[in-house]
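Colleague: Got a structure for you, written out below as structure tokens; questions coming shortly.
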Amino acid sequence: MKILLDRQSARPLYLQIRDRVQRLIRSGALQPGSRLPSIRALAREIRVSPLTVTEAYGMLEGDDLVYAQPGSGYFVRVPPAEVPAATSAFAPAQTVIIQEPQQSGFCEQFTASSQLQARPDLIDFSSGFPHLGEQKDFARLARRAVSQSKDTLLRYGLPQGQPILRQQITQLLVQQGLAVAPEQLLITNGSQQGLALAMQYYLKPGDWVIVESPTYHGAIALLETLGARIVGIPMQADGINLTLLEQYLHSHRPRLIYTISTLHNPTGITTPSDHRQQLIAIANRYDCLVLEDNAYEGLHFEPVPPPLKAFDPHDRVTYVGTFSKTLMPGLRVGYLVAPEAHRQGLLRQMLLHDFHVATLSQAVVSEYLATGYYRRHLDRLRMQNRQNRDRMLQALSQHFPDGTTWTIPQGGFFLWVHLPEPFPIQRISQAALQQGVLIACGSAFFPKQQGYPALRLNFSLPPEEIVKGIAILGRLLQQHRIAALRPDRASNSERKRYRVR
């Protein structure tokens with residue numbers, strides 16, 4: 040395997056190695072099953088450090104072109120069979136259907152999903168938990184983090200977070216198109232605490248707040264607890280309806296707009312750059328603050344625009360991110376980018392909640408970022424989630440009723456499924472749970488649980504679980520359709536059309 044490096048090039052050496060091996064694989068020069076040179080052997084041959092080769096091989100593994108076999112080395116992967124991606128036009132309802140308003144909200148759904156995790160047979164489409172698989176590097180990196188930070192782990196840390204971690208996060212944000220200084224960052228216990236801090240700081244009971252409809256049900260729960268008055272503006276295929284947004288800004292003068300611009304929860308929609316610029320311009324005209332929740336930033340399969348915060352000349356956007364969806368939920372490390380005028384106020388709010396995020400969790404995340412393992416892990420996770428998304432799209436087209444539409448997200452791990460008629464989703468979800476499938480009913484994601492019939496489905500699951508779970512859900516929906524057809528009005532052709540597959 041001949042690899043020539045241009046040491047005068049600005050392109051890093053590990054990327055040059057990755058590019059060359061990638062070309063050899065895709066051209067057929069390296070056949071499936073071929074063993075790559077060992078890390079040490081290749082490092083000696085091309086005169087680079089073993090860490091450089093490790094970086095390159097890790098990226099190739101993330102590209103799903105090679106795999107590591109413990110004790111044997113790296114091998115060219117046999118390409119998986121192509122899964123044709125299903126297509127469907129997402130057509131969100133413009134009329135509101137009050138749908139079983141006593142369904143479980145955020146806290147009940149989270150608790151139920153957490154408790155049911157112990158069931159080995161459970162297929163959990165309902166949760167926002169990523170399926171991360173084995174974290175084989177965690178123990179080693181955690182030990183290294185402890186050994187390097189042992190003098191600081193036993194003491195109180197800075198309330199805004201460890202300086203090295205804040206510096207590393209700013210470097211990540213620059214790659215996403217957002218240039219901020221470490222001093223603007225506040226490390227939080229996941230993005231949920233970041234949202235809570237911002238909402239509690241900016242709002243008082245009775246304030247109007249605009250949200251997308253549907254939106255993240257955890258944010259709705261927070262706003263309801265604070266006594267805010269919520270206005271839900273319908274989501275369209277490219278994001279929140281900007282015409283209605285301006286009308287409500289003019290009539291209600293809300294204090295805050297809460298938005299998820301990239302890989303929206305629950306719909307998976309990513310708004311285009313022009314939509315983001317228009318939203319910021321409207322917020323500026325009406326002097327309204329913006330809270331941008333980008334918990335799924337970094338999980339995109341295709342390029343996405345810079346965050347709203349990057350289009351924010353008047354510094355009115357508070358940006359919230361997290362490592363819970365990309366690394367490990369249990370570490371509880373998120374971050375908040377605070378506007379200059381509100382930085383000290385948000386920091387005081389943090390001190391009232393919690394002195395600081397656990398220093399051990401911060402040290403572990405910092406070690407992942409410093410060693411490059413986070414980037415390689417993210418590459419693998421994106422590849423895995425893209426394959427899982429396509430598998431779910433295919434299963435939906437096979438098993439769900441005619442007339443069903445869904446979003447096709449550019450990343451993350453949620454599909455938003457719009458059902459063609461007002462199915463009794465609560466009863467169907469109970470029947471699904473009896474068969475080992477847990478789902479999130481769409482009404483939980485609308486203010487006051489008022490919306491159209493829909494489901495949020497998490498595709499960050501093993502492929503075999505996706506196929507099995509979607510088949511079960513499709514069968515239950517088809518059975519309801521058959522039962523709903525009155526015998527005296529259903530023709531034979533109609534019954535055949537709704538036959539359970």
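Mind the numbering: the sequence shown is residues 40 to 540 in the working numbering, read in order. All C-beta atoms in this analysis are idealised placements derived from N, C-alpha and C, irrespective of residue type, glycine included.
Leaving out five residues before and five after residue 245 in sequence, what residues of the same chain have Cβ atoms less than 7 angstroms from its Cβ?
Modeller: Contacts found: 266 and 268.
Colleague: Using the three-state DSSP reduction, which class does residue 331 fall into: helix, strand or coil?
Modeller: Residue 331: strand per DSSP, three-state reduction.
Colleague: Kindly list the residues whose CB is nearer than 6 angstroms to the CB of residue 205, restricted to its own chain and excluding five residues on each side of it in sequence; keep chain order.
Modeller: Counting only Cβ-Cβ distances below 6 angstroms, and skipping sequence neighbours, we find 221 and 224.
Colleague: Taking 7 angstroms as the limit between beta carbons, can you name the residues of its chain near residue 337, skipping five residues before and five after?
Modeller: Within the same chain, residue 337 has close Cβ partners 365 and 417.
Colleague: Note the first and the last residue of the continuous alpha helix (DSSP H) segment covering residue 296.
Modeller: First-last for residue 296: 295-298, but that is the beta strand (DSSP E), not the alpha helix (DSSP H).
Colleague: Give the DSSP bridge partners of residue 479, in chain order.
Modeller: Paired residue(s): 495.
Colleague: Give the list of continuous alpha helix (DSSP H) stretches no shorter than 4 residues that lie fully inside the stretch 47-122.
Modeller: If we require 4 residues or more, the alpha helix (DSSP H) runs fully inside the stretch 47-122 come out as 52-66, 78-85 and 89-101.
Colleague: Hey, could you find the ends of the beta strand (DSSP E) residue 374 is sitting in?
Modeller: Looking at the DSSP string, the run of the beta strand (DSSP E) that includes residue 374 is 373-376.
Colleague: Provide the residue(s) that pair with residue 226 in DSSP beta bridges, ordered along the chain.
Modeller: BP columns for residue 226 point to 374.
Colleague: Just verifying my parser: in three-state terms, what is the DSSP assignment at residue 356?
Modeller: Looking at residue 356 - three-state DSSP - the assignment turns out to be strand.
Colleague: Let me make sure I understand the geometry here. Which of 377, 98, 164 and 448 has the alpha-carbon closest to that of residue 496?
Modeller: Selected option, being the one with the closest Cα: 164.
Colleague: Should the stretch 444-452 be regarded as contacting the stretch 325-342, the criterion being three or more beta carbon pairs within less than 8 angstroms?
Modeller: The stretch 444-452 vs the stretch 325-342: in contact.
Colleague: From residue 362 to residue 294, what distance separates their C-alpha atoms?
Modeller: Answer to the nearest angstrom: the Cα atoms are 28 angstroms apart.
Colleague: For residue 53 and residue 400, what's the separation of their Cα atoms in angstroms?
Modeller: One C-alpha to the other measures close to 28 angstroms.
Colleague: Verify whether the separation of the beta carbon atoms of residue 431 and residue 498 is less than 8 angstroms.
Modeller: Going by C-beta atoms, residue 431 is nearer than 8 angstroms to residue 498.
Colleague: Name the residue from 304, 474, 514 and 506 whose alpha carbon lies nearest to the alpha carbon of residue 159.
Modeller: Comparing Cα-Cα distances from residue 159 to each of 304, 474, 514 and 506, the minimum goes to 474.
Colleague: Taking residue 501 as the reference, give the member of 423, 463, 516 and 513 with the closest Cα.
Modeller: For residue 501, the nearest C-alpha among the options comes from 423.
Colleague: Does the beta-carbon of residue 17 have 16 or more other beta-carbons within 10 angstroms, so that it is buried, or is it exposed?
Modeller: The structure shown does not extend to residue 17, since the chain spans only 40 to 540, so no value can be given for it.
Colleague: Relative to the C-alpha of residue 376, which candidate in 209, 260 and 70 has its C-alpha closest?
Modeller: Comparing Cα-Cα distances from residue 376 to each of 209, 260 and 70, the minimum goes to 209.
Colleague: Looking at the secondary structure, which residues open and close the beta strand (DSSP E) in which residue 454 lies?
Modeller: Start and end: 453-457.
Colleague: Hey, could you find the ends of the beta strand (DSSP E) residue 274 is sitting in?
Modeller: 268-275 is the extent of the beta strand (DSSP E) around residue 274.
Colleague: Kindly give me the distance between the Cβ atoms of residue 359 and residue 237, rounded to whole angstroms, as I take these residues to be in contact under 8 angstroms.
Modeller: Rounded, the Cβ-Cβ distance is 7 angstroms, consistent with contact.
Colleague: Would the beta-carbon of residue 283 fall within 8 angstroms of that of residue 272?
Modeller: Result yes, Cβ atoms of residue 283 and residue 272 sit closer than 8 angstroms.
Colleague: If I follow the unbroken beta strand (DSSP E) through residue 521, where does it start and stop?
Modeller: That residue, residue 521, is in no beta strand (DSSP E); its alpha helix (DSSP H) goes 502-523.
Colleague: For a quick check, are the C-beta atoms of residue 438 and residue 510 less than 8 angstroms apart?
Modeller: For residue 438 and residue 510, yes; Cβs fall inside 8 angstroms.
Colleague: Using a threshold of 8 angstroms, state whether the C-beta atoms of residue 167 and residue 304 are closer than that.
Modeller: Taking 8 angstroms as the Cβ cut-off, residue 167 and residue 304 qualify as a contacting pair.
Colleague: Measure the alpha-carbon distance for residue 243 versus residue 94 and round it to whole angstroms.
Modeller: Their Cα atoms are separated by approximately 49 angstroms.
Colleague: Quick one, which of 517, 176, 486 and 406 has its alpha-carbon nearest residue 262's?
Modeller: Cα-wise, what sits closest to residue 262 is 486.
Colleague: In its own chain, which residues sit with a C-beta less than 7 angstroms from the C-beta of residue 90, not counting the 5 before and 5 after it?
Modeller: Taken in chain order, the list of residues that qualify is empty.
Colleague: With a threshold of 7 angstroms (Cβ to nearest heavy atom), would residue 53 be considered close to the ligand FMN?
Modeller: This structure lacks the ligand FMN; in fact it carries no ligand of any kind.
Colleague: Report the CB separation of residue 480 from residue 505 in whole angstroms; it is logged as a contact under 8 angstroms.
Modeller: The Cβ separation is near 19 angstroms, so there is no contact.
Colleague: With H, G and I counted as helix, E and B as strand and the rest as coil, what does DSSP make of residue 447?
Modeller: Reduced to three states, the DSSP call for residue 447 is coil.
Colleague: If you drop the 5 nearest sequence neighbours on each side, which residues of the same chain put their C-beta closer than 6 angstroms to that of residue 529?
Modeller: Caution applies to residue 529, whose pLDDT of 46 falls short of 50 and renders its modelled position unreliable; the model cannot decide the point.
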